[in-house]
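Asker: Got a structure for you, questions after.
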Amino acid sequence: MASSAQESKRLRVLLVPFFASSHIGPVTDLAFHLVAARPGVVEATIAVTPANAPVVRSALARRGPSAGATVQVVTYPFPTVDGLPSGVENLSTVPAADAWRIDKAAWDENLMRPGQEALIRELSPDAIVTDVHFVWNVDVAADLRVPCVMFHVIGTFSTLAITNLASGGGDDATGSEVTVPGFPSPDIRVPVTELPEFFRTQKAIPRSSGDRLASAQGRCLGVVVNTFFDLEHGYCELYVRNGYVKRTYLVGPLSLPWPSAGASTDESQCIRWLNTKPTQSVVYLCFGSLTHVSEVQLRELALGLEDSGKFFLLVVRANTWTPPEGWKERVRGRGMVVTGWAPQTAILAHPAVGAFVTHCGWNSVLETIAAGVPVLTWPMVFEQFITERFVTEVLAIGERLWPEGAGVRSTQSEEHEMIPAKAVARAVARFMEPGGSGDAARSKVKELSTKAHAAMAEGGSSHHDLRCLIDDLIKERTTGARMMT
35 MASSAQESKR LRVLLVPFFA SSHIGPVTDL AFHLVAARPG VVEATIAVTP
85 ANAPVVRSAL ARRGPSAGAT VQVVTYPFPT VDGLPSGVEN LSTVPAADAW
135 RIDKAAWDEN LMRPGQEALI RELSPDAIVT DVHFVWNVDV AADLRVPCVM
185 FHVIGTFSTL AITNLASGGG DDATGSEVTV PGFPSPDIRV PVTELPEFFR
235 TQKAIPRSSG DRLASAQGRC LGVVVNTFFD LEHGYCELYV RNGYVKRTYL
285 VGPLSLPWPS AGASTDESQC IRWLNTKPTQ SVVYLCFGSL THVSEVQLRE
335 LALGLEDSGK FFLLVVRANT WTPPEGWKER VRGRGMVVTG WAPQTAILAH
385 PAVGAFVTHC GWNSVLETIA AGVPVLTWPM VFEQFITERF VTEVLAIGER
435 LWPEGAGVRS TQSEEHEMIP AKAVARAVAR FMEPGGSGDA ARSKVKELST
485 KAHAAMAEGG SSHHDLRCLI DDLIKERTTG ARMMT
């Protein structure tokens with residue numbers, strides 16, 4: 035009886051991430067941290083579609099054997115979507131031409147709500163953490179009289195910029211460039227070609243969905259953001275002050291703490307290769323789980339790395355890529371190629387890594403900050419071009435790989451001009467020069483790294499917000515229970 039009573043007092047939290055590994059990973063980390071912040075108080079369950087369950091279990095496994103025992107995984111059916119084969123339920127596994135189909139399905143309440151709502155009602159959780167895609171879960175939670183918070187997988191700078199652009203007419207931009215309205219100095223200017231696609235086309239996400247999201251955010255308890263106070267607090271305060279949300283919980287970087295030395299990732303082939311290289315001598319290149327780099331661009335990238343004369347570790351998503359003839363022999367010992375997945379946090383934490391060429395996905399930005407590694411930016415899709423401004427113009431922890439004015443960049447691949455090998459070679463070589471811009475950026479990112487680790491430590495700002503989130507959910511659960519009696 036005592037054990038049953040104790041379990042009934044636990045806060046049972048159900049977390050519902052979007053269908054992308056870049057969302058599922060941070061949500062899984064959040065579940066882990068919620069349980070760890072209040073052992074014996076929080077019970078976390080992650081709800082995904084069947085094909086995404088292994089992604090959650092893999093993320094939990096990287097946390098160690100105990101994580102799998104403390105965070106549960108449940109599934110609900112993925113709906114039938116025209117043009118998607120059965121079992122294709124993740125943006126990381128869908129062909130580039132069909133990625134919009136998953137995005138469109140995720141925003142479709144008629145398709146997605148029945149399966150999610152049925153599972154929520156069956157589990158009857160005490161609180162719900164929902165991805166921003168699934169706005170209807172705020173209504174489901176209200177009907178069940180349980181609290182709901184929305185999870186933001188991207189930082190508040192980019193979220194606020196997109197929100198302000200949408201409300202300030204950015205979706206009707208007719209010129210070649212827009213300035214983000216309502217932002218503190220410096221002015222953030224973005225070419226129209228670099229705006230997220232939903233500002234330029236309604237193929238995947240109708241604009242009415244943005245209105246529904248704004249309404250849902252305003253009605254829920256608050257938003258949970260994978261960021262930390264010293265990184266973005268000014269933008270988070272502005273987000274609340276503008277009335278977009280009731281409050282924010284800044285709980286990142288959720289990827290911390292990283293596996294200790296001796297963990298399985300540290301024994302990978304690429305880590306062994308890095309062990310043979312001098313300190314801060316290697317350029318690491320990875321473009322995330324969602325971007326698709328063309329064969330032609332990969333060829334130019336490879337030739338540019340060869341001509342740079344620097345050590346490099348290149349991660350290529352497609353295992354079908356064929357490098358230029360004779361290239362592997364010419365870069366042997368100086369370069370390494372990894373296909374598919376790579377242990378990014380372990381790579382960034384390695385002392386041999388001196389720079390990171392990144393697509394500016396938010397998870398990668400947080401991971402390079404935590405590691406204290408400066409960046410060369412190469413954004414490609416979604417909000418990545420906006421995040422690039424935060425990285426290069428606000429934080430000054432890196433610079434653009436392709437300088438402004440060198441060519442057209444775009445969130446639409448058919449508009450994005452190819453970056454030539456000579457531009458890659460020049461940018462990499464210059465950034466890695468001792469005493470150059472790379473060293474200045476490294477100094478700034480090292481300062482942020484210290485603050486990131488402090489935020490997640492016991493008594494840090496993110497640890498404090500995690501505990502506040504739990505306390506607020508418990509308080510709201512109690513209030514909801516009283517209303518039902």
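Residues 35 to 519 (the numbering used here) are what the sequence shown spells out, left to right. Idealized CB from N, CA, C, for every residue including glycine. Source: prediction; values computed, not measured.
Is it buried or exposed, G296, if we count other Cβ atoms within 10 angstroms and call 16 or more buried?
Answerer: Note that G296 has pLDDT 42, beneath the 50 cutoff, so the model's placement of it is unreliable and no number is given.
Asker: Assuming G277 contacts P218 (C-beta within less than 8 Å), just tell me the rounded distance between them.
Answerer: Not a contact, Cβ separation roughly 18 Å.
Asker: Considering only the alpha carbon of each residue, which of V105, E451, H326 and I136 lies closest to V415?
Answerer: Closest by alpha carbon: H326.
Asker: So, do the segment 476-490 and the segment 424-435 have three or more beta carbon pairs nearer to each other than 8 Å?
Answerer: Flag = yes, the segment 476-490 and the segment 424-435 touch.
Asker: Tell me the DSSP secondary structure of R155 in three-state form.
Answerer: Helix.
Asker: Who pairs with P225 in a beta bridge, going by DSSP?
Answerer: BP columns for P225 point to E211.
Asker: Nearest-angstrom Cα distance between V330 and A175?
Answerer: The alpha-carbon atoms of V330 and A175 are separated by roughly 48 Å.
Asker: Considering just the uninterrupted stretch of the beta strand (DSSP E) at A130, what are its terminal residues?
Answerer: Careful: A130 lies outside any beta strand (DSSP E) and carries neither H nor E.
Asker: Given this structure, state the Cα-to-Cα distance separating T467 from D506, to the nearest angstrom.
Answerer: In the sequence under discussion, the amino acid at residue 467 is Glu, which differs from the Thr named in the question. Each residue's alpha carbon lies about 50 Å from the other.
Asker: Check the DSSP bridge columns for Q303 and list the partner residues they point to.
Answerer: Answer by DSSP bridge pairing: none, since Q303 is not bridged.
Asker: Alpha carbons only, please: which of R72, G343 and A130 is nearest the one belonging to C502?
Answerer: Answer by Cα proximity: R72.
Asker: Given a threshold of 16 other Cβ atoms within 10 Å of its Cβ, counted over all protein chains shown, does E266 qualify as buried or as exposed?
Answerer: So E266 counts as buried.
Asker: Mind checking M452: buried by the 16 CB within 10 Å criterion, or exposed?
Answerer: Exposed, since its Cβ has fewer than 16 Cβ neighbours within 10 Å.
Asker: Pull up the distance between the alpha-carbon of A140 and that of W134, whole angstroms please.
Answerer: Taking the straight line joining both Cα atoms gives about 10 Å.
Asker: Excluding the 5 residues preceding and the 5 following K485 in the sequence, name in chain order all residues of the same chain whose CB lies nearer than 8 Å to its CB.
Answerer: Taken in chain order, the residues that qualify are F262, D264 and L265.
Asker: Could I get the ranges of all uninterrupted alpha helix (DSSP H) runs contained in the segment 432-491, with 4 residues as the minimum, in chain order?
Answerer: Whole alpha helix (DSSP H) segments, 4+ residues: 455-465 and 471-490.
Asker: Three or more C-beta pairs under 8 Å: does that hold for the segment 222-230 against the segment 442-456?
Answerer: The segment 222-230 vs the segment 442-456: in contact.
Asker: Does DSSP put L288 in a helix, a strand or coil?
Answerer: Three-state result, L288: coil.
Asker: Bridge partners of Q331, per DSSP?
Answerer: DSSP lists no partner for Q331.
Asker: Within the same chain, show all residues whose beta-carbon is closer than 7 Å to that of L153, passing over the 5 residues directly before and after it, in chain order.
Answerer: Cβ within range, chain order: A81, V108 and Y110.
Asker: Looking at the structure shown, is V257 part of a helix, part of a strand, or coil, going by DSSP?
Answerer: The answer is strand: DSSP assigns V257 an E or B state.
Asker: Buried or exposed for E359, please, with buried defined as at least 16 other CB atoms from any protein chain shown within 10 angstroms of its CB.
Answerer: Exposed, because fewer than 16 other Cβ atoms sit within 10 Å of the Cβ of E359.
Asker: Check whether the segment 373-386 touches the segment 398-413, taking contact to mean three or more Cβ pairs, one atom from each stretch, closer than 8 Å.
Answerer: With a cut-off of 8 Å, the segment 398-413 and the segment 373-386 count as touching, because enough Cβ pairs lie within range.
Asker: Are three or more beta carbon pairs between the segment 96-104 and the segment 114-123 nearer than 8 Å?
Answerer: With the cut-off at 8 Å, the segment 96-104 and the segment 114-123 do not touch.
Asker: I'd like to know whether the C-beta atoms of L49 and F185 end up nearer to each other than 9 Å.
Answerer: Contact: yes.
Asker: From G472 to R511, what distance separates their C-alpha atoms?
Answerer: Their Cα atoms are separated by approximately 49 Å.
Asker: Output the residue ranges of the alpha helix (DSSP H) runs that lie fully inside the segment 336-372 and measure 4 residues or longer, sorted by chain position.
Answerer: Complete alpha helix (DSSP H) runs here, min 4: 361-364.
Asker: Assuming V214 contacts A195 under a Cβ cut-off of 8 Å, what Cβ separation, rounded to an integer in Å, is found between them?
Answerer: Right, their Cβ atoms sit about 5 Å apart.
Asker: Taking one C-beta from the segment 363-370 and one from the segment 387-398 each time, how about it: are there three or more such pairs within less than 8 Å?
Answerer: Contact between the segment 363-370 and the segment 387-398 is absent, because fewer than three Cβ pairs lie under 8 Å.
Asker: Please return the same chain residues whose Cβ sits closer than 8 Å to the Cβ of S483, not counting the five positions on each side in sequence.
Answerer: For S483, where only same-chain residues beyond five positions count, the Cβ hits under 8 Å are I403, A404, A405 and G406.
Asker: Below 6 Å CB to CB, which residues in the same chain sit around S302 once its five sequence neighbours on both sides are set aside?
Answerer: Cβ neighbours of S302 beyond the five flanking positions: P377.
Asker: Tell me whether the beta-carbon of W307 lies closer than 9 Å to the beta-carbon of L247.
Answerer: Not closer than 9 Å, so no.
Asker: Is the beta carbon of V183 less than 9 Å from the beta carbon of V258?
Answerer: Yes, Cβ-Cβ distance for V183 and V258 is below 9 Å.
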